[in-house]
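Counted the way the numbering used here counts, the sequence shown spans residues 2 to 110.
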Amino acid sequence: MIELVSADRCTACNICVRACPTQVFDAVPGGIPVIARQDDCQTCFMCELYCPEDALFVAPQADAAEAVDEATLRQRGLLGSYRAAIGWGRGRQPTAALDHSHYLLERAR
C-alpha cells in the first residue's frame, strides 16, 4: 500500500498521478501530489516504478495503512526500492536479464 510521497524528493511531475490505475493520488496545483484514496491502493507499485525521483514508498506487505517515518525509510534505502530492485533509474543496471522464469515455461511445453 502506498505510504509516503517525500516532500523533499518530489518534483511535482505528477507521473504517479497518471500511472496509478486506481487513482489513489490527487494532483495539487503548485504542490506535490497527495495520497487521497489510500484504501484504493492495490500495491501494484506502478507509482513507485515510474517516479523518476524515488520519492515514493509502497509497503509491500500492508493491508492497512502503516505509520512510516521518512528518515527511517531513507536510512534503510527503501524510498524507490522497487525501482532499484528492477534496475530502473539513473545509474542502475536492468535486472530483466536475470529473470529465468521463461525456462519454466519452456519446460512446461
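Think of the CB as a built atom: it goes at the ideal place given N, C-alpha and C, for glycine as much as any other residue. Predicted model, so just to flag it, every value in this text is computed and none were measured.
Beta bridge counterpart(s) of Phe26 as assigned by DSSP: Ile36
Chain C contact for Trp89 (CB, 7 Å cutoff): The structure shown contains no chain C; it holds only a single protein chain.
Met2 vs Ala97 beta-carbon contact at 7 Å: Inclusion of Met2 and Ala97 in the CB contact set at 7 Å is not warranted, their separation being larger than that value.
Touching by the beta-carbon criterion (3+ pairs, under 8 Å), the stretch 69 to 77 and the stretch 27 to 43: no
Which of helix, strand or coil DSSP assigns to Leu79: coil
Touching by the beta-carbon criterion (3+ pairs, under 8 Å), the stretch 41 to 52 and the stretch 94 to 109: no
Whole-angstrom distance between Leu79 and Ala36, CA atom to CA atom: According to the sequence shown, residue 36 is Ile rather than Ala. One alpha carbon belongs to Ile36, the other to Leu79, and they sit about 18 Å apart.
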